[in-house]
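Structure, as structure tokens:
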Amino acid sequence: GGPPAVVPAIPYAAVNRLASLGTPSAAGLDLTVVIDRSGSLAAAGRLPFVKRALGRVSAELRPGDRLNLVLFDNEACRPITNWVAGRDDLGLVHDAVARTTPRGSTDLPLGLHTGYIAATQPEWIEGPTRDRRVVLVTDALLTHEDLDDRTLTEVRRAWEIHHIALWTVGVGKDTDSALLSHLAELGGGG
């Protein structure tokens, strides 16, 4: 059930899809957004669409909802960790998003691994069950070789053990939608 796991490769649809993944949850939302910021995001103005969607997501969060932001290319960083709506300054999220620029190449396993480290921090997985989501945003042309067994196991175990659903948003016309769908299904998101 639910919406399809992968958005069509139309930028406006990607914005709407990503924004919908931040929809408030009665249980409280723990959202980790993992963004591919590799050099190809400079093509066709893709990054502004991603930034617009993130702005919508952060604006929709309700008090108590939590957010992690992970950026990756051939390196990964976590500019926003354990940001809490209603407690922390929304400007911090907007600043981190505004400073994001395309660079490097795509290391998808590194990006996902860093996202799951953020999503499984003790204060997020201990305590009452919340709606836990990792959202992967990528425009890369991926292949099955890009996803090693460790990555696939990490996606599956995060869903089985911690109920962290993986959702994928493809923002480029060359994105391998079948592969992203497979990832989302493995991660309980589709």
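Residues in the sequence shown are numbered from 450 upward in steps of one, following the working numbering. Don't be surprised by glycine CBs; every beta carbon is placed ideally from N, CA and C.
Three-state secondary structure assigned by DSSP to residue i
i           : result
residue 488 : helix
residue 620 : coil
residue 614 : strand
residue 632 : helix
C-beta contact flag for residue i and residue j at 8 Å
i           : j           : result
residue 595 : residue 620 : no
residue 618 : residue 584 : yes
residue 478 : residue 518 : no
residue 481 : residue 567 : yes
residue 487 : residue 551 : yes
residue 616 : residue 627 : no
Supposed close pair residue i, residue j - CB separation, criterion 8 Å
i           : j           : result
residue 563 : residue 525 : 4 Å
residue 530 : residue 485 : The Cβ separation is near 19 Å, so there is no contact.
residue 600 : residue 558 : 4 Å
residue 546 : residue 576 : Actually they are not in contact, since the Cβ atoms of residue 546 and residue 576 sit about 28 Å apart, beyond 8 Å.
residue 507 : residue 520 : Not confirmed; about 15 Å, so no contact.
residue 534 : residue 553 : About 30 Å; that fails the 8 Å criterion.
residue 500 : residue 549 : 7 Å
residue 581 : residue 612 : 6 Å
Neighbour-count burial assignment, residue i, 16 or more Cβ in a 10 Å radius
i           : result
residue 523 : exposed
residue 624 : buried
residue 492 : exposed
residue 495 : buried
residue 483 : buried
residue 638 : buried
residue 579 : buried
residue 455 : Because residue 455 sits at a pLDDT of 45, beneath the cut-off of 50, its placement in the model cannot be relied upon, and the point is left open.
residue 560 : buried
residue 636 : buried
residue 476 : exposed
residue 622 : exposed
Q.
Which complete alpha helix (DSSP H) runs does the segment 511 to 599 hold, if anything under 4 residues is left out?
A. Within the segment 511 to 599, the runs of alpha helix (DSSP H) at least 4 residues long that lie entirely inside it are, in chain order, 539 to 547, 557 to 568, 571 to 574.
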